[in-house]
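Below is one structure, written out as structure tokens; the observations come after it.
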Amino acid sequence: MAEKRTYELMFIVDPDAGDEDVVKLSEGVQKIITGQGGSITKTEMMGKRKLAYEINHKKDGTYVLLEVEGSGAEIAEVERRMRVNDQILRYMTVRVDEMRRRADKLKDRRARKAAKKPANGKAKAAAVSSEADEDEAVA
Amino acid sequence: MSSNYEDRDFGFEREYDRTMPRGPRRMQRRKICRFCIEKVDLIDFKDVKLLMSYVPERGKILPRRISGVCATHQRMLAEAIKRARNIALLPYAAD
């Protein structure tokens, strides 16, 4: 359990709350996290946007996104507090370190495949080289 | 409820070569996974604009037999769409 985990914590604040309230809320959340031994790597206020469906009869909400690093205990604490806070319409935590690791693995495998491919077949090699050209164009 | 996915042009199928016609069936364009071409490793649930193109009006996830997305990427896409629904970025059902 000592390993570091990365989470994305997104929550929606009541649209009737003022800007200061939103800032205060997010600072409160950050304080809880640092108090529990976690750290915040990114904060993003995504602003007010329309909800795809009504939550508590509200049609829009202010989105806040935090990227948190920690053991997972601070997430439990933050979620517990959010559940009882009426100003927070919805929250969601996604663990991203595993997802990113998987993405890196995919990228690795593709790089290895691309390096291997040109050896077999003329037609295939031609296709690959045209693909490689595209890669360079993209990069 | 009738699904009219087949009639709609989502723009995924254009610009690719036609494959050989198989039997009496109509000539079909080969569908290619656009995430594979763009070498996408991770589909983010916050990327609403991208996800929207795989969610027709009704709010359902576009099946890969229509969009041509490969199995791996369809799985990522479905996961991302479901997450986006949870946080009200995408609708569960719409009409």
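These protein sequence lines map, in sequence, to chains H and W.
Residue numbers for the first sequence follow this note's numbering, beginning at 148 and rising by one.
Residue numbers for the second sequence follow this note's numbering, beginning at 2 and rising by one.
Every residue, glycine too, gets a C-beta built ideally from N, C-alpha and C.
These numbers come from a predicted model, not from an experiment.
- A Cβ of chain W is located within less than 8 angstroms of the beta carbon of Leu-198(H).
- Among the residues facing chain H, Leu-51(W) is not included, as its CB has no counterpart in that chain under 8 angstroms away.
- Closest option to Leu-90(W), judged by alpha-carbon separation, among Met-157(H), Arg-152(H) and Thr-153(H): Met-157(H).
- Within the same chain, Glu-214 and Glu-216 come within 6 angstroms of Thr-188(H) by CB-CB distance, once the 5 residues on both sides are set aside.
- Judged by DSSP in its simplified three-state form, Asp-251(H) adopts helix.
- Using a Cβ distance threshold of 8 angstroms, Lys-40(W) and Arg-256(H) do not count as a contacting pair.
- Residue-level contact check: Arg-237(H) touches chain W, since one or more beta carbons of chain W fall below 8 angstroms from its beta carbon.
- Arg-237(H) sits in a strand when the DSSP states are folded into three classes.
- Shown here, Asp-163(H) sits in coil according to DSSP, grouped into three states, outside any helix or strand.
- Taking Gly-69(W) as reference, the option from Tyr-55(W), Asn-87(W) and Lys-61(W) with the minimal CA-CA separation is Tyr-55(W).
- Burial of Tyr-210(H) is indicated by the presence of at least 16 other C-beta atoms within 10 angstroms of its C-beta.
- Judged by their CB atoms, Lys-254(H) and Asp-42(W) are nearer to each other than the 8 angstroms cut-off.
- With a threshold of 16 other beta carbon atoms within 10 Å, His-204(H) falls short and is exposed.
- When the beta-carbon positions are compared, Val-231(H) and Ile-179(H) stay at least 8 angstroms from each other.
- The CB of Lys-254(H) comes closer than 9 angstroms to the CB of Lys-40 and Asp-42 in chain W, given here in chain order.
- Taken in chain order, no unbroken stretch of beta strand (DSSP E) lies wholly in the region 33–58 of chain W with a span of 3 residues or more.
- Taking a 10 Å sphere around the C-beta of Val-170(H), we find fewer than 16 other C-beta atoms and assign the residue as exposed.
- DSSP places Ile-187(H) in the strand class (E or B) of the three-state scheme.
- Between Met-239(H) and Leu-212(H), the C-beta spacing is not below 8 angstroms.
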